[in-house]
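Residue numbers (my numbering): 160 to 420.
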């Protein structure tokens, strides 16, 4: 279902604002250094890939860390064809890695993504389903809470270097209910929070739920560990400095799980 464009910015009674869906694209393309959260209806992934496509159309490479298997190369291919851009060259500008556990997501985002963005001269990354793997009851709640806090620090460190990060996820209620607190924590770490939902008529609408200036976050100095002494990450960081995400092959509907090496 296509996401409707709203031409007016309307203030609602719940202190949210209905916005044109293209406004998030413009806002994300503005000055570098931001953390946006887009959540709600499953169409959030389509919107986010449209945002990536606009950046790629200007020649910018993009990195994607996918924790919920929602990456759809067809959206990007259609965009390229509509713009009369060579799909092969267009898709060569996006790199994807997939994480299947919260530990792999931490490894990909905190330890690999910053260096990889530098290596490809990019300031833009999309992170799909950051919390999906955190809902696995095999990982203790206390453990995933610590990982999430470390990841929020990592996002702020990347933001401080000028990186723009878009976190994309569905609106979910999980059991046990204690794990729903993870999403509230994630929202607290975003500069802007957008929600995509439907009104009483079933029409999708995009809401600017919150917008604020993030408090100062202590940046890590060289050699300082962000995970403390009680390390829960089971995947050791790559000390070689060689970082690689998988390039998306042209006209491929499905990707094998990507890896960061």
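The beta-carbon is built from N, C-alpha and C at its ideal position, and this holds for glycine as well.
Please read these numbers as outputs of a predicted model, since none were measured by experiment.
For this session: In the DSSP assignment, find the alpha helix (DSSP H) that holds residue 262 and state where it starts and stops.
Result: Counting along the chain, the alpha helix (DSSP H) containing residue 262 begins and ends at 261 to 265.
Exercise. Leaving out the 5 sequence neighbours to the left and right, which residues in its chain are closer than 6 Å to residue 293 when beta-carbon positions are compared?
Worked result: 261, 303 and 341, listed in sequence order.
For this session: Take residue 247 as the anchor and find which of 215, 195, 353 and 194 has the nearest alpha-carbon.
Result: Nearest of 215, 195, 353 and 194 to residue 247, Cα basis: 215.
For this session: Indicate whether the contact test is met: 3 or more Cβ pairs, each with one atom in the segment 316 to 333 and one in the segment 252 to 266, closer than 8 Å.
Result: Note that the segment 316 to 333 does not touch the segment 252 to 266; fewer than 3 beta-carbon pairs, one per stretch, sit closer than 8 Å.
For this session: Identify the continuous alpha helix (DSSP H) that holds residue 234 and give its terminal residues.
Result: Looking at the DSSP string, the run of the alpha helix (DSSP H) that includes residue 234 is 232 to 241.
Exercise. If we call anything under 8 Å between Cβ atoms a contact, is residue 227 one with residue 295?
Worked result: Result no, Cβ atoms of residue 227 and residue 295 do not sit closer than 8 Å.
Problem set entry | CB contact flag (residue 353, residue 184, <8 Å) | No, Cβ-Cβ distance for residue 353 and residue 184 is not below 8 Å.
Exercise. Cβ of residue 254 within 8 Å of Cβ of residue 223?
Worked result: Closer than 8 Å, so yes.
Exercise. Going by DSSP, which residues form a beta bridge with residue 198?
Worked result: Note: residue 198 sits in a beta bridge opposite 328 and 354.
Exercise. Can you name the residues that DSSP bridges to residue 286?
Worked result: Looking at the DSSP assignment, residue 286 forms a beta bridge with 224 and 326.
Exercise. Within 10 angstroms of its Cβ, does residue 220 collect 16 or more other Cβ (buried), or is it exposed?
Worked result: In summary, residue 220 is buried, with 16 or more beta-carbon neighbours lying within 10 Å of its beta-carbon over all protein chains present.
Exercise. Taking the C-alpha atoms as reference points, what is the distance between residue 180 and residue 298?
Worked result: Spanning the two alpha carbons is a distance of roughly 36 Å.
For this session: Could you check if residue 360 is buried or exposed, using at least 16 other CB atoms within 10 Å of its CB as the buried criterion?
Result: By the 10 Å Cβ count, residue 360 comes out exposed.
For this session: Decide if residue 190 is buried, meaning its Cβ has at least 16 other Cβ atoms within 10 Å, or exposed.
Result: Residue 190 should be labelled exposed.
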